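Asker: Residue numbers (the working numbering): 317 to 621.
Got a structure here, written out as structure tokens. Questions coming.
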Amino acid sequence: MKAKLGISPIAWWNDDLAELSDDVSLEECLAQSRSAGFTGMEMGRRFPSDPKIMLPILKEADVTLCGGWFSGTLVDEDMARNKDRIQPMIDLFKAVNAPCIVYGEVGRSIQGDRSKPLATKPRLSDDEMKAYARRLTQFGEWCAEQGMPLSYHHHMAAVVETEPELDAFMRHSGEGIPLLLDAGHLAFAGGDVLRAIDNHHRRINHVHVKDVRMEVIEKLDRQKQSFLDAVALGAFTVPGDGSLDFGAIVERLANYGHEGWFVVEAEQDPRKNPPLRMAQVGYKELMRVMTAAGYTVETQGFPNA
């Protein structure tokens, strides 16, 4: 079985909390991640949107683009508007040979609003969830027809946050919308990561190996504190520095023959947790557990061809 290890630039510059960002250029961010061992990076705000500019930067760093977030609004807005917004991203990702676009639902979400406590997250009725899941399936099928598959990201403070919500979404949606499994978000939401893999492994096409500090999460006052408060307090970290057993998580995925990208996404304060050092910690732990699970981790970055 083959796997590729990527990382998100969110450890260097946070798109939601500017104060959790380091004054590091894209080139330096890529160089640090590559020196830690990672061969891919997901897209962040300092990436150019023109493939003619992006490709030479990626080639110089010997890194490939391994995904990137799209802020979807299908829970409220129509299909046509979302198609119009995602089309330039599809064109870009095809041009740089990225594996997928990560669909994150921001409609009704409170994930970016520090004034909204975690307890006030949006909830869908059964009928709303059924209709939403059908729309996402149609949207995913359309994106795949354009040549770029999606990967649906369940997320804290969004309409699909908890394990029961994820199960309902998966039950009412179809193969046209693959799943991004994010261990950290599911654990934060009180879910069972191994059970989710058992239930939904057939649809998983992308994995975020985000770790959590449960001692931070357990102290949160969800009636008063927001998702962004939790991030600022250090709820997330890299594998090997948190509470999750990635040996068991990776082994469970391996048991189902899962291959592809495993991406570290750990938003933290770069002053308290220097991104390069944390990237090194995460890579070392992932290599340990991936090897133990029988994976061959690919070491080539930017394609030679």
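Every residue gets a Cβ at the ideal spot worked out from N, C-alpha and C, and that includes glycine.
Being a predicted model, the structure only gives us computed values, none of them experimental.
Determine the direct distance from the alpha carbon of leucine 321 to that of tyrosine 611, and round the result to whole angstroms.
Answerer: Mapped onto the sequence shown, residue 611 falls at position 295. Mapped onto the sequence shown, residue 321 falls at position 5. Answer to the nearest angstrom: the Cα atoms are 11 Å apart.
Asker: How is alanine 609 classed by DSSP in three states: helix, strand or coil?
Answerer: Residue numbering aside, residue 609 sits at position 293 when the sequence shown is read from its first letter. Coil.
Asker: Assign glutamine 462 to one of two classes, buried (16 or more other C-beta atoms within 10 Å of its C-beta) or exposed (fewer than that).
Answerer: The count along the sequence shown starts at 1 and reaches residue 462 at position 146. The residue is exposed, with fewer than 16 neighbouring Cβ atoms inside 10 Å.
Asker: For a quick check, are the C-beta atoms of alanine 548 and isoleucine 533 less than 8 Å apart?
Answerer: Along the sequence shown, read from residue 1 onward, the residue named residue 548 stands at position 232. Along the sequence shown, read from residue 1 onward, the residue named residue 533 stands at position 217. No, the Cβ-Cβ distance between alanine 548 and isoleucine 533 is not below 8 Å.
Asker: Taking the alpha carbon of phenylalanine 409 as the reference point, which residue from Asp366, Thr453, Ala484 and Arg350 has its own alpha carbon closest?
Answerer: Walking along the sequence shown from the start, residue 409 turns up at place 93. Considering only alpha carbons, the answer is Asp366.
Asker: Jot down the residue ranges of each uninterrupted beta strand (DSSP E) in the segment 522 to 594, minimum 3 residues, whole runs only, in chain order.
Answerer: If we require 3 residues or more, the beta strand (DSSP E) runs fully inside the segment 522 to 594 come out as 576 to 580.
Asker: Output needed for valine 523: all residues of its chain with C-beta closer than 6 Å, excluding positions within five of it in sequence on either side, in chain order.
Answerer: Your numbering for residue 523 matches position 207 in the sequence shown. If we look at valine 523 and ignore the five residues flanking it on each side, its Cβ neighbours are Leu497 and Phe578.
Asker: In the structure shown, what three-state DSSP assignment does aspartate 498 receive?
Answerer: Stepping through the sequence shown from its first residue, residue 498 is reached at position 182. Residue state, collapsed to three classes: strand.
Asker: What residue range does the alpha helix (DSSP H) around serine 351 cover?
Answerer: Position 35 of the sequence shown, counted from the start, is the residue given in the question as residue 351. Run containing serine 351: 342 to 352, per the alpha helix (DSSP H) assignment.
Asker: Compute the Euclidean distance between the alpha carbons of valine 476 and isoleucine 373, then round it to the nearest angstrom.
Answerer: As a first step, residue 476 must be located in the sequence shown, where it is residue number 160. As a first step, residue 373 must be located in the sequence shown, where it is residue number 57. Straight-line Cα distance between these residues: approximately 35 Å.
Asker: Check the C-beta distance from lysine 535 over to alanine 582 and give it rounded, since I have them as a contact under 8 Å.
Answerer: Walking along the sequence shown from the start, residue 535 turns up at place 219. Walking along the sequence shown from the start, residue 582 turns up at place 266. Not quite, the Cβ-Cβ distance comes to about 19 Å (not below 8 Å), so this is no contact.
Asker: What distance in whole Å lies between the Cβ atoms of alanine 503 and alanine 352, which are believed to be in contact at a cut-off of 8 Å?
Answerer: Within the sequence shown, residue 352 is the residue found at index 36, counting from 1. Within the sequence shown, residue 503 is the residue found at index 187, counting from 1. Actually they are not in contact, since the Cβ atoms of alanine 352 and alanine 503 sit about 24 Å apart, beyond 8 Å.
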